[in-house]
Every structure is written in structure tokens, then in C-alpha cells.
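Asker: Handing you this structure, nothing more for now.
There are 2 protein chains.
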Amino acid sequence: MVTLRFVTRNQHKLKEATSILSQYGISIVMENSINKVEIQSDSLEEIVNYALRLNCVDWLVVEDDGLFVDSLNGFPGPYSEYVYRTIGLRGLLRLLQGSRDRGAYFKSVVGLCINNEVKLFTGIVKGRLSEEPRGSSGFGYDPVFIPEGYDLTFAEMGEDLKNKLSHRSRAFNNLATYLTRIN
Amino acid sequence: MVTLRFVTRNQHKLKEATSILSQYGISIVMENSINKVEIQSDSLEEIVNYALRLNCVDWLVVEDDGLFVDSLNGFPGPYSEYVYRTIGLRGLLRLLQGSRDRGAYFKSVVGLCINNEVKLFTGIVKGRLSEEPRGSSGFGYDPVFIPEGYDLTFAEMGEDLKNKLSHRSRAFNNLATYLTRIN
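Chains as they are written, first to last, in this note's numbering: chain A, 311 to 493; chain B, 311 to 493.
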């Protein structure tokens with residue numbers, strides 16, 4: 311099996327992808343020599359598709375994800391990273407203060423270039439936002455996201471459990487299943 | 311003088327640009343047949359530059375703007391339109407509740423394609439955010455923005471006064487001065 315090249319500078323994402331794909335005997339390395347062009351769009355699919363089409367080389371992988379909060383019309387969505395850097399977890403929780411509806415989901419879209427085509431794989435995990443940030447593992451919004459059926463935030467779970475549930479792991483599992491099928 | 315073609319679908323922006331440029335005898339029309347690619351970036355200059363370079367035809371004009379709130383690390387900045395559509399004015403004000411520092415500025419960057427080059431023109435207006443939305447003229451964040459030296463929000467001012475002060479009018483004035491000089 312070939313080695314996938316993951317266009318990212320995020321070590322956490324690479325680690326998560328590696329952990330999933332290695333179970334299928336698929337290896338993935340960081341590709342940081344390519345400038346990833348991210349467009350503004352409400353759709354992660356569009357963002358990933360655009361980034362890969364500009365530079366469609368076989369085995370190149372791009373991923374984008376976001377946290378979509380129900381009562382905030384999907385905010386922060388595709389702009390989760392910017393929102394995290396500016397208003398942060400505290401800002402996000404503040405927007406939900408006093409709100410009974412704390413429903414949210416994480417979504418990840420993984421794109422793969424193969425035979426000059428872009429294939430997209432999606433992973434979603436539903437849940438709700440905690441009242442306060444809790445836990446210290448993971449990254450980004452992990453301390454405020456409680457997946458359905460659990461009382462722990464992603465940041466309170468061990469890596470193994472988070473990797474079973476997370477949006478990103480689901481998307482990479484779908485990618486792995488596809489690769490296993492075509493090989 | 312030629313006619314500028316403004317790549318936008320926003321009637322408010324076209325009206326504001328027309329009102330400024332007509333004072334210099336420059337005409338501008340809406341160009342909505344071109345798909346404007348907006349990248350994700352903290353820099354309005356980068357966003358405008360990328361959009362124009364993809365399709366650099368003489369007299370094409372692109373504008374991008376944002377509201378940058380001091381105590382929120384510049385949020386919502388280049389994503390002001392998305393933030394307006396999702397959490398809205400109420401959400402933004404909520405993030406500032408109890409905050410003494412209500413400083414913010416509007417910034418507009420206008421790009422012009424000429425001789426296969428992109429020229430950028432900037433306009434900034436400093437001010438602060440109101441406690442509540444006030445006024446009904448204008449659009450977007452106008453009801454919550456009070457420019458320096460005034461007690462009225464942009465949405466409470468007449469169009470004439472707003473056009474003297476606004477970031478967009480300043481950027482288009484700079485464009486007009488440039489065009490007048492080279493003609």
C-alpha cells in the first residue's frame with residue numbers, strides 16, 4: 311500500500327489520522343510543502359474539494375472540520391479555528407449562557423486525490439456542549455464537547471475512547487475502508 | 311473615464327460606492343457574472359488580492375470589509391458576514407457584556423485590476439460598539455457601531471454623514487483619488 315500525504319501543519323490531526331489508519335496497515339505522513347488554499351464557505355465539502363482540486367496529485371489528503379452548534383445556526387462551523395483563536399472556548403460558552411438547547415455536532419471531511427479525482431469521506435459525532443471546559447487531553451474544542459451517550463468531554467476521555475467516537479476518526483475510517491476495498 | 315465593474319452581489323455596497331465615485335465623475339456597475347473566490351485569512355488585503363489575481367481584468371473592482379473588535383482579538387474580522395448570519399448583532403453584543411473596552415474599527419479594502427496588476431486601497435473608521443442595536447438605515451453592523459467623535463450609530467445617521475465617515479467610503483475615495491491622478 312502507498313503512503314498517504316496529509317496536507318496539514320497540525321500535529322494533533324496527523325497523530326489522530328495515523329492512529330486510525332495504522333489499524334488498516336495504511337501509513338500517512340505530514341505534507342507541509344504545499345500551501346493549502348482554504349476558501350470561505352459554509353460547506354466543509356466545498357472547502358476540501360477546492361483545496362484538493364488546485365493541486366490534485368495522487369495520494370494527497372486534505373481534511374477540514376468544524377464544530378456546529380445547533381442554537382447558533384451552525385456557528386462556528388468552518389471558521390472554528392479562527393473563532394477558537396479569537397473569542398475562545400469562554401466566548402463560545404458565553405453565547406450559550408442560559409440556553410437550554412446545548413446540542414452540537416463535530417463534522418470532519420477528508421478528501422483524497424486519486425486518479426485525478428477528489429473523493430470525499432465524512433464523519434460526524436453528535437453531542438452537546440458542557441457548561442465549563444473540562445479535561446486536558448486532545449485539542450481545540452475537545453474540553454467543551456460531550457459526545458452522545460457519555461458524560462465526559464472529549465478532553466476527559468482517553469485517546470482510545472475518543473478515537474472510537476470522534477468525527478475525524480469516523481471520516482478516516484471511511485477513507486481506510488475505501489482504500490482497502492480498491493486494493 | 312472608463313466604467314468600473316464591481317464584483318459584488320450586495321446592493322448596499324454598490325450604492326455606497328456609486329455615491330462616492332460619482333462625485334469624481336467615475337461610474338461603477340455591478341458585475342455579478344464572475345464568481346468571487348474568497349479565501350480564509352485574517353488579512354482583508356490577502357483576501358482581496360487572491361480574488362482579483364484569479365481573474366485580473368482591467369477595471370474589475372473587489373471589496374472586502376470587516377468589523378474588528380479590540381477586546382475580542384479582532385473578531386469577527388474577515389468573517390463578519392458569516393458571524394452576522396449566525397450569531398447576529400445580539401450574539402456579538404453578548405460577547406462584550408460587562409466589558410469596559412468596547413473599542414472596535416471597521417476596515418475596508420478595495421482592490422482594482424489595472425495593467426494586469428492589483429492595486430489596493432484601504433479605509434478605516436475607529437469607534438466603539440453600542441450597548442444595544444440602534445437605528446434602521448444602512449446594513450450589517452451599522453446599528454451597533456458608533457464612530458469616534460459621535461454618539462449616533464451608523465444606522466442612526468443619514469446616508470450623507472455615514473458616507474463622509476465610513477471605512478468603505480474612505481477606501482473608495484482613495485481609489486478615486488488614484489484614478490483621477492493617473493487620468
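Every residue gets a Cβ at the ideal spot worked out from N, C-alpha and C, and that includes glycine.
Have a look at B/I434 and B/Q407 and give me their C-alpha separation to the nearest angstrom.
Answerer: About 25 Å.
Asker: Out of curiosity, what's the CA-to-CA distance linking A/Y488 and A/E373?
Answerer: Cα-Cα distance, rounded: 16 Å.
Asker: Whose C-alpha, out of B/S440, B/V358, B/V367, B/P453, is nearest the C-alpha of B/N425?
Answerer: Cα-wise, what sits closest to B/N425 is B/V367.
Asker: Return no unless some Cβ of chain A is closer than 8 Å to the Cβ of B/T318.
Answerer: By this cut-off, B/T318 is not an interface position.
Asker: If distances are taken between C-alpha atoms only, which option among A/L399, A/L485, A/G376, A/F431 comes closest to A/P453?
Answerer: If we check each option's Cα against that of A/P453, A/L399 comes out closest.
Asker: Could you spell out where the alpha helix (DSSP H) holding A/L422 opens and where it closes?
Answerer: Run containing A/L422: none in the alpha helix (DSSP H); it sits in the beta strand (DSSP E), 413–424.
Asker: Is the distance from the Cβ of B/S418 to the Cβ of B/R478 below 8 Å?
Answerer: Yes, Cβ-Cβ distance for B/S418 and B/R478 is below 8 Å.
Asker: Alpha carbons only, please: which of B/L403, B/L314, B/V347 is nearest the one belonging to B/L370?
Answerer: Residue B/L314 is the option with its Cα nearest to B/L370.
Asker: So the alpha helix (DSSP H) A/T490 belongs to, where does it begin and stop?
Answerer: Its alpha helix (DSSP H) spans residues 477–492.
Asker: Alpha carbon to alpha carbon, how far is B/E348 from B/N320?
Answerer: When rounded, the distance between both Cα atoms is 15 Å.
Asker: Assign B/S409 to one of two classes, buried (16 or more other C-beta atoms within 10 Å of its C-beta) or exposed (fewer than that).
Answerer: Answer is exposed; the Cβ neighbour count stays below 16.
Asker: List, in chain order, every chain A residue whose beta-carbon is nearer than 8 Å to that of B/L403.
Answerer: The premise fails here: B/L403 is roughly 11 Å from chain A at the closest Cβ pair, so nothing lies under 8 Å.
Asker: Could you name the residues of chain A that B/V347 contacts, counting a contact when the two beta carbons are closer than 7 Å?
Answerer: What B/V347 touches in chain A: I349.
Asker: How would you write the range of the beta strand (DSSP E) that B/K436 sits in, first residue to last?
Answerer: Residues 427–439.
Asker: Helix, strand or coil: how does DSSP classify B/V312 here?
Answerer: B/V312 falls in the coil class under three-state DSSP.
Asker: Between A/E326 and A/L430, is the Cβ-Cβ spacing less than 8 Å?
Answerer: It is not a contact, given that the beta carbons lie outside the stated cut-off.
Asker: Under a three-way DSSP split, which group does B/E391 fall into?
Answerer: If DSSP states are grouped into helix, strand and coil, B/E391 belongs with the helices.
Asker: Could you tell me which chain A residues have their CB closer than 8 Å to the CB of B/Y488, listed as they occur along the chain?
Answerer: Those do not exist, as B/Y488 stays about 27 Å from chain A at its closest Cβ, beyond 8 Å.
Asker: Alpha carbons only, please: which of B/H322, B/G437, B/M311, B/S353 is nearest the one belonging to B/E469?
Answerer: Nearest C-alpha to B/E469: B/H322.
Asker: Would you check if the distance between the CB atom of B/E458 and the CB atom of B/G445 is smaller than 8 Å?
Answerer: Not a contact, by the Cβ cut-off of 8 Å.
Asker: State the CB to CB distance for the pair A/A481 and A/T432, rounded to an integer number of angstroms; the pair is presumed to be in contact (CB under 8 Å).
Answerer: Right, their Cβ atoms sit about 6 Å apart.
Asker: Just mark B/S332 as buried or exposed, buried being the case when its beta carbon has 16 or more other beta carbons within 10 Å.
Answerer: With fewer than 16 other Cβ atoms within 10 Å, it is exposed.
Asker: Return the chain-ordered list of same chain residues with a C-beta closer than 8 Å to the C-beta of A/I344, the five sequence neighbours on each side being excluded.
Answerer: The residues are V317, N365, L370.
Asker: Less than 8 Å between CB atoms is the rule here; does A/N383 satisfy it with respect to chain B?
Answerer: So, interface residue.
Asker: Which one of B/Y460, B/L485, B/M311, B/Q350 has the shortest CA to CA distance from B/V428?
Answerer: Minimum Cα distance to B/V428 is reached at B/L485.
Asker: How about B/F464 and B/F455: are their beta carbons less than 8 Å apart?
Answerer: Contact flag set, yes.
Asker: Determine the extent of the beta strand (DSSP E) in which A/S381 is found, giving its start and end residues.
Answerer: Element bounds for A/S381: n/a, residue is neither H nor E.
Asker: Return yes when the Cβ of B/N383 is within less than 8 Å of the Cβ of A/R500, no when it is not.
Answerer: Since the first and last residues shown for chain A are 311 and 493, residue 500 of chain A lies out of range.
Asker: Flag this pair as yes or no: are the beta carbons of B/P388 and B/I357 separated by less than 8 Å?
Answerer: Cβ distance < 8 Å, so B/P388 and B/I357 count as in contact.
Asker: Measure the CB-CB distance between A/M311 and A/L324 and report whether it falls below 8 Å.
Answerer: The answer is no: Cβ separation not under 8 Å.
Asker: Quick check on DSSP: helix, strand or coil for B/E458?
Answerer: Reduced to three states, the DSSP call for B/E458 is coil.
Asker: In angstroms, rounded to a whole number, what distance separates the CA positions of A/S337 and A/L475?
Answerer: Whole-angstrom Cα-Cα distance: 21 Å.
Asker: To which residues of the same chain is A/S329 closer than 6 Å at the C-beta, ignoring the five residues directly before and after it?
Answerer: Contacts found: N473.
Asker: Which value, in whole angstroms, describes the spacing of the CA atoms of B/G376 and A/N483?
Answerer: Distance between the alpha carbons of B/G376 and A/N483: 39 Å.
Asker: Tell whether a beta-carbon distance below 8 Å holds between B/L439 and A/G401.
Answerer: No, they are not a contact pair.
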